[in-house]
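Novice: Heads up: the protein sequence lines correspond to chains A and B, in order.
Numbered per full-length UniProt numbering, the first sequence spans residues 1 to 126.
Numbered per full-length UniProt numbering, the second sequence spans residues 1 to 187.
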Amino acid sequence: ENSPAPLPERAIYGFALFLGSWFGFMLYLIWAYIPETWLFSLGLTYWPQKYWAVALPVYLLVAIGIGYILLFGINMMSTAPLNSTHTITDNYAKKQQPKKFQEEAIPALRDVPISEVNRMFFLPEK
Amino acid sequence: MDERRYRSASGEPIALRRRQHSASCRELVVRCPRLQLRSLSAVTSAVWLAAYGLFALSENSMVLSAAIFITLIGLIVYLHFVKVDQESLLVIGSLGIQVTSSYASGKESTTFIEMGQVKDVVINEAIHMQKVIYYLCILLQDPGDPQGISEVVPLFQSSKPRLDCLIEVYKSCQEILAQRRTAPQVE
Chain A
1 ENSPAPLPER AIYGFALFLG SWFGFMLYLI WAYIPETWLF SLGLTYWPQK YWAVALPVYL
61 LVAIGIGYIL LFGINMMSTA PLNSTHTITD NYAKKQQPKK FQEEAIPALR DVPISEVNRM
121 FFLPEK
Chain B
1 MDERRYRSAS GEPIALRRRQ HSASCRELVV RCPRLQLRSL SAVTSAVWLA AYGLFALSEN
61 SMVLSAAIFI TLIGLIVYLH FVKVDQESLL VIGSLGIQVT SSYASGKEST TFIEMGQVKD
121 VVINEAIHMQ KVIYYLCILL QDPGDPQGIS EVVPLFQSSK PRLDCLIEVY KSCQEILAQR
181 RTAPQVE
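#1: Would you mind reading off the limits of the alpha helix (DSSP H) that contains B:Cys-137?
#2: In chain A, which residues lie less than 7 Å from B:Pro-154 when you measure between Cβ atoms?
#3: Between the C-alpha atoms of B:Val-132 and A:Asn-2, what's the straight-line distance to the nearest angstrom?
#4: Is the beta carbon of A:Thr-79 closer than 8 Å to that of B:Ile-167?
#5: Give the DSSP-derived three-state secondary structure of B:Glu-187 in the structure shown.
#6: Assuming contact is defined by CB atoms lying nearer than 8 Å, are residue 189 of chain B and B:Gln-86 in contact in what I supplied?
#7: Report yes or no: is there a C-beta of chain B within less than 8 Å of the C-beta of A:Ser-3?
#8: When burial is assigned at 16 or more other CB atoms within 10 Å of the CB, is B:Lys-171 buried or exposed?
#9: Residues of chain A with a CB under 7 Å from the CB of B:Val-122: which are they?
#10: At what residues does the alpha helix (DSSP H) containing A:Asp-111 begin and finish?
#11: Counting only beta-carbon separations shorter than 8 Å, does A:Leu-123 have a partner in chain B?
#12: Is B:Pro-146 helix, strand or coil by DSSP?
#13: For A:Asn-118, which of helix, strand or coil comes out of DSSP?
#14: 8 Å is my cut-off, CB to CB: does A:Ile-88 come that close to chain E?
#15: Give a yes or no on whether the minimum CB-CB distance between B:Ala-126 and chain A is below 8 Å.
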């Protein structure tokens, strides 16, 4: 049902988007470059100030640049600090039920407490 | 009592000294590298060159005296609040754990945690400044829940020893902490 294969509908959407984006770009170039007097003589008077033809791309590029830095900063801020209990456990681990041990079966998956993990890793000699 | 050399997480040489005061009392001291003369000269020269550049641009001699002032105050603040000379961990079997940080200016800051509050001393790994580091921490008991952990106290924050040093410290601490399970509290 949800395959990425090419379909006729997708080809039509793609072509419509292609034409629409070319039309939008041509409109933007006309608005930015053709002098206002020529546009007035054609009867097209109610268009935004040409100031925005330069300002909007600049706003967009600065926003993208800041977005990179902002994402990095948000990631750093949401990392748990070294003294928080979130580095050791969480709600699911605290509420887990102890599971019965069955003979010759793989033990059920559970969150092992950090003290036990440490003892297993670091205490045995040789 | 012995002293061994290790490396910190950022590659600097540190030294671990272990002292056994008695069967149930151990002291572990991690010594950080001293302030290097070359880095001090480099920072001072950079600040003074920048100040001289500003003076050449602005012809205001206050910039030079401000730079000298800033360098002196900055050095004093750095030695007193930032540069840690050694960090020590004193584990006393039935009493508690004492953590001391000595700064380069001589200031010492001490924290004592009594043994009733200590659940365990473990090596934990966490993300710190785009790196994953191992660090030793004391887990404090949650008074309401015997299995719960109320707080995590990270140790050796300034020297940040690597895993080989941490394993030595961990084993020494566990030997003392294991005694309180086998010898239950008297009174």
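The C-beta atom is built at its ideal place from N, Cα and C for all residues, glycine as well.
Fair warning: this is a prediction, and the values are worked out from it, not measured in the lab.
Specialist: Once the coordinates are examined:
#1: Within the second sequence, the letter at position 137 stands for residue 137 of chain B. From DSSP, B:Cys-137 is part of no alpha helix (DSSP H) but of the beta strand (DSSP E) over 131-141.
#2: As a first step, residue 154 of chain B is located in the second sequence; it is residue number 154 there, counting from the start. Going along chain A in sequence order, the residues near B:Pro-154 (Cβ under 7 Å) are Leu-82, Asn-83.
#3: Sequence index remark: in the second sequence, residue 132 of chain B carries index 132 (1-based). Sequence index remark: in the first sequence, residue 2 of chain A carries index 2 (1-based). Between B:Val-132 and A:Asn-2, the alpha-carbon positions lie close to 39 Å from each other.
#4: Position 167 of the second sequence, counted from the start, is the residue given in the question as residue 167 of chain B. Position 79 of the first sequence, counted from the start, is the residue given in the question as residue 79 of chain A. Cβ distance not < 8 Å, so B:Ile-167 and A:Thr-79 don't count as in contact.
#5: Indexing the second sequence from 1 puts residue 187 of chain B at position 187. Reliability fails at B:Glu-187, whose pLDDT of 45 lies under 50, so the model's placement of it is uncertain and no value is given.
#6: This structure does not reach residue 189 of chain B, given that chain B is present from 1 up to 187, and the question cannot be answered.
#7: In the first sequence, residue 3 of chain A corresponds to position 3, counting from 1. For A:Ser-3, no Cβ of chain B is located within less than 8 Å of the residue's own Cβ.
#8: Position 171 of the second sequence holds residue 171 of chain B. Exposed.
#9: Position 122 of the second sequence holds residue 122 of chain B. The CB of B:Val-122 comes closer than 7 Å to the CB of Ile-114, Ser-115, Asn-118 in chain A, given here in chain order.
#10: Counting from 1 along the first sequence, the entry for residue 111 of chain A is found at position 111. First-last for A:Asp-111: undefined, no H or E at that position.
#11: On the first sequence, residue 123 of chain A is found 123 positions in, with the first residue counted as 1. Proximity of A:Leu-123 to chain B, defined by a Cβ-Cβ separation below 8 Å, is satisfied.
#12: Walking along the second sequence from the start, residue 146 of chain B turns up at place 146. The answer is coil: DSSP assigns B:Pro-146 none of H, G, I, E or B.
#13: The sequence position of residue 118 of chain A within the first sequence is 118, counting from 1. Taken through DSSP and simplified to helix, strand or coil, A:Asn-118 comes out as helix.
#14: Annotation note: the requested chain E is absent from the structure, which comprises protein chains A and B.
#15: For the purposes of this step, residue 126 of chain B is taken as residue 126 along the second sequence, with counting starting at 1. By this cut-off, B:Ala-126 is an interface position.
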